[in-house]
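Presented below is the structure to which this report refers.
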Amino acid sequence: MHQIGKSRFLLGLTQWLWHLSFTLFVIGSSIWLSFALWIQQPIGYWPSIILIVLWVIFSLSVLGIYVQQRLLSRNKDMLLYSMLFALSLLWYFNIPAQQDRDWNPEVARVLHYERQDNQVTIHNIRNFAWTSEQQYQQRWETRHYDLNKISGINIITSYWMGPQIAHTLVSFDFADQSPLVFSIEIRKEKNESFSAIGGFFRQFELSLVAADEKDILYTRSNIRKEDVYFYPIKAPKIAMQELFLEYLAAADELAQRPKWYNTVSSNCTTLIFDMARVIEPDVFPKDYRLLLSGYLPNYLYDIGALDQHWSIQQWYQHAHVNPRVANFEQLADQSSEHYSKLIRTGLPIASIE
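1 is the number of the first residue of the sequence shown in the UniProt record's numbering; add one for each residue after it.
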């Protein structure tokens, strides 16, 4: 009798866990699909809203039958729900990223380049002159770089929604010319704005922007009033050169096959460190702070990429760009060279190991 009771208990526990798992699956998948339909609107706005409502009603009916445990109806509805959700996944993961949308001017062009040994010519480098978020003079440039002249690398974090999340950029210093910044961003369409939720559901394609510091950092520090921090990084010169080439390879890949931005898995920080780990996998271990990008400076400090003469608290104080450029619009010299000089004031020079 004891063995029978134990068997019944285990059977009951197994059924309860199965019921709970399927219930959570229906709830989670229904929420996910509702957001996906709302963001994508595959059949237009109102038809998609109606489809969301019908799916929610169907999901609730499945849960109702399942909770009541009418075996025949329960099994049929489980199978029907799973098949329909599988079809929705097939639809979703076959939505193609595109190159030919009506893009916002700041991401309208795709960078391309020619390379011969260590000599690289990059086209469509952005160097806009910003007066407000909506007003700017468009300038796209072609510049030539000698990889042997790379003299430093810098990580920039720009905060716009609290301390946990920051946009991450990488700036390369050169011995003979102005720095160049690479930024992995969403490729916004005209009249479109960033949405963290939309970033989970294929609302935005990826964009790789190469830009002048006066363009892409100034617009954050002085136009959008984001808090910008600038960190010179210690790295071997060969690693700097290889990371520069990784960016160019990423540009090639995006030009040939556009990709989706993802708020968590394919964003401005995770993709940078995916590239860095290809070069030096042992130097950049995986860490939760690669997802909570606002804490990226702490990660860099802990792995020894930042100068250790300062504490991380001192680094946050010295790396803050905004106080040094707050009155930039009032200066006589408003050149790119002067902006780049100001944001490095008081910081260690990015060192080559």
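No residue lacks a Cβ here, since even glycine has one placed at the ideal position from N, Cα and C.
Pro-285 sits in coil when the DSSP states are folded into three classes, being neither helix nor strand. When the five nearest sequence neighbours on each side are left out, the beta carbons in the same chain lying within less than 7 Å of the beta carbon of Thr-269 are those of Thr-168, Leu-290, Ser-293 and Leu-296, in order along the chain.
Taking a cut-off of 8 Å for Cβ pairs, the segment 133-148 and the segment 319-332 do not touch, as fewer than three such pairs fall below it. Closest option to Gly-152, judged by alpha-carbon separation, among Asp-176, Gln-134 and Pro-285: Asp-176.
Under the DSSP assignment, Ala-196 falls outside any beta strand (DSSP E); it carries neither an H nor an E label.
For Trp-140, the enclosing beta strand (DSSP E) has its first and last residue at 140-146. DSSP places Gly-162 outside both helix and strand once states are collapsed to three, so it counts as coil.
Collapsing the DSSP output to three states places Trp-130 in a strand.
DSSP places His-112 inside the beta strand (DSSP E), whose first and last residues are 112-116. Straight-line measurement puts the Cα of Asp-274 at about 18 Å from the Cα of Glu-205. In its chain, beyond the 5 residues on either side, Ala-36 have a beta carbon closer than 6 Å to the beta carbon of Tyr-92.
Distance between Ser-340 and Pro-179, taken at the CA atoms: about 8 Å. In this structure, Phe-194 and Asn-262 do not form a Cβ contact; the two beta carbons are roughly 13 Å apart against a cut-off of 8 Å.
A direct Cα-Cα distance of roughly 15 Å separates Trp-46 from Val-56. For the 8 Å CB-CB criterion, Ser-207 and Ile-233 do not form a contact. When the five nearest sequence neighbours on each side are left out, the beta carbons in the same chain lying within less than 7 Å of the beta carbon of Ala-276 are those of Leu-243 and Phe-284, in order along the chain.
Your pair Arg-143 and Ala-129 does not check out as a contact, with CB atoms roughly 17 Å apart and the cut at 8 Å. Residue nearest to Ile-184 within the set Arg-8, Ile-238, Ala-166 and Thr-23 is Ala-166 (criterion: CA-CA distance). In this structure, His-19 is the residue among Arg-115, Asn-104, His-19 and Glu-114 with its C-alpha nearest to the C-alpha of Asn-75. Between the alpha carbons of Asp-307 and Tyr-301 lies a distance of about 8 Å. Following the DSSP letters along the chain, one finds Glu-185 in no alpha helix (DSSP H) but inside the beta strand (DSSP E) bounded by residues 180-187.
Shown here for Pro-348: same chain residues with a beta carbon closer than 8 Å to its own, the five before and five after excluded, namely Pro-232, Asp-307 and His-309 in chain order. About 6 Å separates the Cβ atoms of Val-228 and Ile-156, confirming a contact at the 8 Å cut-off. Collapsing the DSSP output to three states places Pro-47 in a helix.
Taking the C-beta atoms as reference points, Ile-303 is found no nearer than 8 Å to Phe-230. Here DSSP, grouped into helix, strand and coil, assigns His-19 to helix.
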